[in-house]
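What follows is a single structure, written as C-alpha cells, with notes after it.
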Amino acid sequence: MTKVIKNGTIVTADLTYKADVLIDSGKIIEIGPNLKGDEEIDATGCYVMPGGIDPHTHLEMPFMGTYSSDDFESGTRAALAGGTTMVVDFALPAPGEGLLEALKRWDNKSTRAHCDYSFHMAITWWSEQVFNEMKQVTERGINTFKHFMAYKGALMVNDDELYSSFKRCAELGAIPLVHAENGDVVAELSAKLLADGNNGPEGHAYSRPPQVEGEATNRAIMIADMAGVPLYVVHTSCEESHEAIRRAKMQGKRVWGEPLIQHLTLDESEYFDKDWDHAARRVMSPPFRNKQHQDSLWAGLASGSLSVVATDHCAFSTEQKRYGVGDFTKIPNGTGGLEDRMPMLWTYGVETGRITMNEFVAVTSTNIAKILNVYPKKGAVLVGADADLVVWDPEATKTISAETQQSAIDYNVFEGKEVKGLPRYTLSRGVVAWADGKIQTPEGHGEFVARDPGMPVTKALSTWKELTAPRPVERSGIPATGV
Ligand code: URP
Ligand code: ZN
Ligand code: ZN
Ligand code: ZN
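Numbering of the sequence shown is given in our numbering, commencing with residue 64 and proceeding in unit increments.
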C-alpha cells in the first residue's frame, strides 16, 4: 500500500518547492509532480516538512525525590500532536548504578512510545565500570553522553570526571553533552538565600544567575578542547553561555548550543510578583532570563551560532512542585513543552520574521539529525529517508491550554498563548500518527533508533594548522561544517 502526500509545498533546511511525496513501507520512495498512490493525504495550503526531533526530554525520570509525570506514552503523544516524530531521552543511572542497568530500565519504559525515540546516556559518576560500559553503550547505538555540572550532591560530576569521560568519548567517537551551570556556586548562593529567609520560587532564579552558566559553558568547552572532542551544550539560556559557544565556533571548535523554546519565549517576570504555584511551575534550570538574553538566543538561531531548539521536557504536576513549599531547592526542576515547541517556534520565530521557514526546519529537525548521526534516515525529505513528516498548516490557530493538551500534568507554562501554525497531519514512518486532533498510532508503534558513533577523534582538532590543512569529510556524527 503506497501513500501520497499531494498538493503541498516541501520545506527542508535548504529548499522550498512544490512536489508530492510518495511513501511505501515507511520510507519516502519518490518526490515529484503528479504522483499517484493507493491512499492520498491532502496537503493543499500546507508545508510538508521533516517531522520534528526533540533532542532533549526526560520521560518518567526519577529526579528530586519523585518521577517526572509524562512517561513515554503521554510524552510521545504530546510530541506527535505538536509535529515531533522522534524524541531523544536521557537514560539516567543513579550514582553507583551501572550504565547497562539503567539502559534496561529505559528499554522497559520506552515500549509504550507512540513515536520513534533514541537515548542519550548520562554519566552521573565515574569508575572503571563506567569507563568500560561506555563502549557497550555505544555498541547499543547510543553515541552521546550527558554530564551534569550542576545538582551538587546528586548528579553533578567534577572536572576530573568530566575530563576523563570526555577523553573516553573522544576514543569512542561519541559526543559529550553538558548541563553547564557551576553547581558549587549554585549551592553556595542557594544556602545564602535560604539563610536570609528567601525561600520562595524566585530564590531559584536568584541562585542561578547567567554567570554560573557562562562560566560552566566556557569551562566545559575548554575541557572538551583539551580532550579533543566536540561538545553539545544543552539548554543554552543566556548571552554569557552563547558568547562562549560563539567564540569557540569562531576558533574552529565543534561546539553546538541548544536553546529551549521556553527560554526563547518566556522571561524571568514569570517568577516575580506571581503566586507561588505560578512561579514554582516554571522553576527549571537554568531559569528563565530577561529580554536581552532572549534576543541573544534568537540572534544565535538566525546566525547559526546556536544550532537546535529543544524542550528539556521534564513535566511535574502542581502537587509535585509543592514539595518545595518553604524551600525552593526542593521544587522539582523542570517544565513541559513537547507539544508546543514547533507551534511556538513557528509563531514567535517564523511568523515574526526572526527565522526563516528553512531555518525552522534546520533547528527543529535537520541539524539535530546531523549532530546525532541519524541523518538522512531522520530529519530529511529525501528518497530513502524514513517518512517521518509533518503536514504543517500555517493558517491553523489555537490557544494553548492545559485543558486540551496531551501532557499528563495539570497546567501548561504557555497557557493562553495564541499560536498560528499547527500540524494538520503528523506521519511516523509513513503511518498517520496525528490527524483530526487525535493520536492515531497505538502505544508501542515507536521504535528505538540506533545511532552509530562518528569517527573517533583522538586529538584536538582546533589548532590552526589542522584547521587549514585539507581533510576529508567523513561519514560521521561530527559534521565538518554546516550545523
Ligand atoms: O530543570 C530542568 N532542566 N530539569 C530537567 C533536568 C535537567 O537539568 O535537564
Ligand atoms: Zn539540565
Ligand atoms: Zn534536561
Ligand atoms: Zn496512548
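The C-beta atom is built at its ideal place from N, Cα and C for all residues, glycine as well. Fair warning: this is a prediction, and the values are worked out from it, not measured in the lab.
Would you identify the three-state DSSP class for GLU123, choosing helix, strand or coil? Here GLU123 sits in coil by DSSP.
Under 9 Å between C-beta atoms of MET212 and ARG282: The criterion of a C-beta distance shorter than 9 Å is satisfied by MET212 and ARG282.
As a quick exercise: from HIS508, ALA362, VAL275 and LEU327, pick the residue whose alpha carbon is nearest that of GLU136. In terms of Cα proximity to GLU136, the closest of HIS508, ALA362, VAL275 and LEU327 is HIS508.
In chain order, what are the residue ranges of uninterrupted alpha helix (DSSP H) at least 4 long that sit wholly in the segment 178-222? Correct list: 191-202.
For a quick check, are the C-beta atoms of ARG492 and ALA450 less than 9 Å apart? Yes.
Where does VAL67 sit, in a helix, a strand or coil, going by DSSP? Correct three-state label for VAL67: strand.
Go to LEU294, then tell me how far its beta strand (DSSP E) extends in each direction, as first and last residue. Where LEU294 is concerned, the enclosing beta strand (DSSP E) stretches over 294-296.
For ASP340 versus THR381, is the C-beta spacing smaller than 9 Å? Yes.
Given HIS121 as reference, the closest of GLY159, LYS440, ASP152 and LYS501 once Cα atoms are compared: Of the listed residues, the one whose Cα sits closest to HIS121 is ASP152.
Leaving out five residues before and five after LEU252 in sequence, what residues of the same chain have Cβ atoms less than 6 Å from its Cβ? Excluding sequence neighbours, LEU252 sits near SER270.
Assign MET313 to one of two classes, buried (16 or more other C-beta atoms within 10 Å of its C-beta) or exposed (fewer than that). So MET313 ends up on the exposed side.
Does ligand 2 have even one heavy atom less than 8 Å from the beta-carbon of PHE379? No - ligand 2 has no heavy atom lying nearer than 8 Å to the Cβ of PHE379.
Own chain residues within Cβ distance below 6 Å of LYS81, not counting five before or after: Only residues of its own chain outside the window of five on either side were considered, and among them THR72 have a CB closer than 6 Å to the CB of LYS81, listed in chain order.
HIS326 beta carbon near ligand 3 (any heavy atom closer than 8 Å): Because no heavy atom of ligand 3 lies under 8 Å away, the Cβ of HIS326 does not count as near it: no.
Return the residue from the list ALA142, PRO273 and ASP222 that minimises the CA-CA distance to THR187. For THR187, the closest of ALA142, PRO273 and ASP222 by C-alpha to C-alpha distance is ASP222.
Inter-residue spacing [alpha-carbon to alpha-carbon] between LEU98 and VAL67: When rounded, the distance between both Cα atoms is 7 Å.
Which residues does DSSP pair with HIS242 in a beta bridge? Per DSSP, PHE211.
Does the distance from the CB of GLY400 to the CB of ILE324 come in under 9 Å? In terms of Cβ geometry, GLY400 and ILE324 form a close pair [threshold 9 Å].
I think SER464 touches GLY442, with their Cβ atoms under 8 Å apart; what is that distance to the nearest whole Å? Not quite, the Cβ-Cβ distance comes to about 30 Å (not below 8 Å), so this is no contact.
For VAL371, the three-state DSSP class (helix, strand or coil): Per DSSP, reduced to three states, the secondary structure at VAL371 is coil, with no helix or strand assignment.
Could you tell me which uninterrupted alpha helix (DSSP H) segments, each at least 4 residues in length, are contained entirely in the segment 127-176, listed from first to last along the chain? The qualifying runs are 135-144 and 162-172.
Beta carbon of ASN95 nearer than 9 Å to that of MET405: Note that residue 95 is Gly in the sequence shown here, rather than Asn. Against a cut-off of 9 Å, the Cβ pair of MET405 and GLY95 comes out as no contact.
Have a look at PRO505 and ARG140 and give me their C-alpha separation to the nearest angstrom. Whole-angstrom Cα-Cα distance: 10 Å.
Spatial distance of TYR295 from ASP101 (CA atoms): Computed Cα separation, rounded: 43 Å.
Measure the C-alpha to C-alpha separation of THR299 and GLY320 and round it to an integer number of angstroms. Within the model, the alpha-carbon separation for THR299 versus GLY320 is close to 6 Å.
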